[in-house]
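Going by the numbering used here, the first residue of the sequence shown is number 570, and it counts up by one from there.
Where is the CB? At the ideal position from N, CA and C, for every residue including glycine.
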Amino acid sequence: MNYDHIGQMITIKIAEYGDNTALRYKIGDGWASLTYREFGEKITNLACAMIKSGVKKGDAVGIYSANRYEWAVSDFACILVGAISVPIYATNTLDQAKYIIQDAGIKLIYVGNLEQYTNLATIHKDGHPLKVVCYDPAVEIDTTFAIYFRDYLNVQDQDELIKEMNLRSGKIKTDDVTTIIYTSGTTGHPKGVMLSHGNLFHQFECVDANFSVTHKDVSLCFLPLSHVYERMWSYYVYLKGAIQTYLEDPKQVIDTMQEVKPTAMVSVPRLYEKIYAAVMNSQESASSVKRFLFKKAIETGTAYNNLFFRKQEVPFGLGLKYKVLDKLVLSKVRAVVGGDKNFFSAGGAPLDKSIEEFFLACGLLICQGYGLTETSPMISYNTPENFKFGTVGKLVPNCEVRIAENGEIQARGPQIMKGYFNNPEATAESIVDGWFKTGDVGEFDEDGFLKITDRIKDLIITSGGKNIAPQNIEKLIGKDFFIEQIIAIGDKRNFVSALIVPAFESLEAWAHKKKIQFQDNEELIAHPHVIEFFKERIEAQSQKLANYETIKKFRLMAKPFTQEGGEITPTLKLKRKQINEKFKALIDAMYHKQE
């Protein structure tokens, strides 16, 4: 990359793409937009405001908000004044936010909604003084320590401040820390991952090497910007002069995709699992003619798109058949996600091979990759030119991986973090002789594609000595339309069991059809027909599992696992230890008669 830092990059892109649309954001039921020039003006205004309010080079500045365009303005302004942005997940609780604010030494923080503002007001009153800048003008603020974003931006006589901004920007080096992202660790306190401009530039080069993104592309930003995956991708969208669309509520993603019609975007597997489950569930109640057509369309789409996407010759007859079935069936699946895509990307958790195959049959390629916050994030990826389902692809350029004796994936390359902030012990433990220890277990296949089998800490070892990867079980069973969350259990036990949170909206609709009477979730999950229904669905989804991996017993849960309850992280990863402890009595009861 011919840039010293990301601030310089965005400044050049603003000049280059001036009147092109840079971003869109929701106002009521409609969409508003900013050009690259207008985006740049807001960034400059905010940078001036930050300098005026005393932000120094190297200061940590917090962003505690859901996705919105102001988030990006704040982030770029931080970079241009030499500050270090520290994102906090919008869903983080008071205690989680407080820990990050205190650990990073944050004094100035941008905030999204009322809930987040209330948490900050409590932290401020509890003796950690904060200057709070609130994006939402509808939130009632205490002006002794808080100010609205629109007012904070309004700085007169900017000439000297702009000179100072340019002076600071000119001194930023590629190796300087640009952000500290706190990992939402499944155990203990989160650790602050220090990423440099150079770490991120390496990632842009990796995308450049194998993907085609231009100023004509439209992206939908629905994963949290506090997540390194969406953050890196969002920077890249602006590098290419494309349009970024900000979605504040990720629950609205499918409806918004149909409105925005993104051509390229990143996601976690849950989105693809939900779409797949909904389509498959609709087939269960379809007429025999429709089911036959769907089956033929998937078969034809699989044959056609495996040739088409691999740039191989498609026989005339197959092409003709595909054209008809695509119009009748497959194009309707693509319409659910807003039409054709250059590519989808998936990361953050394993995606089942059958879902990748289904989407390809429908003419949509999902390029699954692998990485961590500490690796900025990509270590490996599938690409439009080179993909193999059931794997996380081949290594990205300029990256080395070795498999340790215990099966752990260890990586070395320009994307490896500078270390954990304020935590040299954890840094020394994680990076040994330049090799970063991922904590993931994996292997390369005969073609050089990487496969992840599990997390070292997550492996279930049964009392019979069998090693079982719970993520594999959860991935297979969790793709069912009626299952929202699942955790496989069985460490030091003699069989595998599970706690399952049903997709209650779907389950209630099914129960009404079956004329099952219930007052609440508790009563619904206790009904014998419901338990039998889930038993059948689990068995149907377990075909690919070895007998010792199959779920022998399960309990349905009336409430979902939540961040507030301490059962999942902000990135929706299960906190296995906490769940096992919290629901110990329930789990023990499943094994009581056997052990």
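Considering only residues of the same chain and omitting the five flanking positions on each side of residue i, which have a CB-CB separation below 7 Å?
i: residue 1026; result: 1008
i: residue 832; result: 786, 787, 910 and 911
i: residue 582; result: 605, 807, 808 and 810
i: residue 752; result: 759, 760, 762 and 942
i: residue 638; result: 592, 594, 603 and 815
i: residue 798; result: 792, 835, 916, 917 and 946
Give the C-beta separation of residue i and residue j to the nearest angstrom, bearing in mind that I take them to be a contact with Cβ-Cβ under 8 Å.
i: residue 937; j: residue 961; result: 6 Å
i: residue 572; j: residue 770; result: 7 Å
i: residue 664; j: residue 682; result: Actually they are not in contact, since the Cβ atoms of residue 664 and residue 682 sit about 18 Å apart, beyond 8 Å.
i: residue 1005; j: residue 944; result: 7 Å
i: residue 721; j: residue 618; result: 5 Å
i: residue 1071; j: residue 1094; result: 7 Å
i: residue 1052; j: residue 1069; result: 6 Å
i: residue 584; j: residue 812; result: Not quite, the Cβ-Cβ distance comes to about 17 Å (not below 8 Å), so this is no contact.
i: residue 969; j: residue 982; result: 6 Å
DSSP state of residue i, grouped into three classes?
i: residue 1044; result: helix
i: residue 570; result: coil
i: residue 1159; result: helix
i: residue 1164; result: Note that residue 1164 scores a pLDDT of 43, beneath 50, so its modelled location is shaky; the value from the coordinates is reported in the next line. Coil, per DSSP.
i: residue 641; result: helix
i: residue 1085; result: coil
i: residue 922; result: helix
i: residue 763; result: strand
i: residue 698; result: coil
i: residue 1100; result: helix
i: residue 656; result: strand
i: residue 877; result: helix
i: residue 633; result: strand
i: residue 1071; result: strand
i: residue 1138; result: coil
i: residue 1005; result: strand
i: residue 557; result: Because the chain is modelled from 570 through 1164, residue 557 falls outside the range shown and cannot be assessed.
i: residue 1090; result: helix
i: residue 710; result: coil
i: residue 769; result: helix
i: residue 806; result: helix
i: residue 668; result: helix
Less than 6 Å between C-beta atoms, sequence neighbours within five positions excluded: which residues of the same chain meet that for residue i?
i: residue 795; result: 656 and 658
i: residue 976; result: 1010
i: residue 593; result: 600, 602 and 814
i: residue 927; result: 845
i: residue 830; result: 907 and 908
i: residue 642; result: 611, 612 and 615
i: residue 693; result: 699 and 714
i: residue 866; result: 894, 898 and 899
i: residue 995; result: 760 and 989
i: residue 1043; result: 1055 and 1057
By a C-beta neighbour count over all protein chains shown, 10 Å radius and 16 as the cutoff for buried, is residue i buried or exposed?
i: residue 884; result: exposed
i: residue 966; result: exposed
i: residue 588; result: exposed
i: residue 729; result: exposed
i: residue 1131; result: exposed
i: residue 946; result: buried
i: residue 1170; result: The chain is shown only over 570 to 1164; residue 1170 falls outside these bounds and no answer can be derived.
i: residue 854; result: exposed
i: residue 608; result: buried
i: residue 892; result: exposed
i: residue 1057; result: buried
i: residue 861; result: exposed
i: residue 858; result: exposed
i: residue 925; result: buried
i: residue 782; result: buried
i: residue 1023; result: buried
i: residue 839; result: buried
i: residue 842; result: buried
i: residue 1118; result: buried
i: residue 1155; result: exposed
i: residue 963; result: buried
DSSP beta-bridge partners for residue i?
i: residue 814; result: 593 and 789
i: residue 1013; result: 1019
i: residue 1039; result: In DSSP, residue 1039 forms no bridge with anything.
i: residue 603; result: 592
i: residue 886; result: Note: residue 886 sits in no beta bridge, so no partner.
i: residue 861; result: Bridge partners of residue 861: none, in fact.
i: residue 979; result: 971 and 1006
How about residue i: is its Cβ closer than 7 Å to a heavy atom in the ligand FMN?
i: residue 914; result: Here there are no bound small molecules, and the ligand FMN is not part of this structure.
With a CB to CB cut of under 8 Å and the five nearest residues on each side skipped, what residues in its chain are close to residue i?
i: residue 662; result: 688, 1132 and 1133
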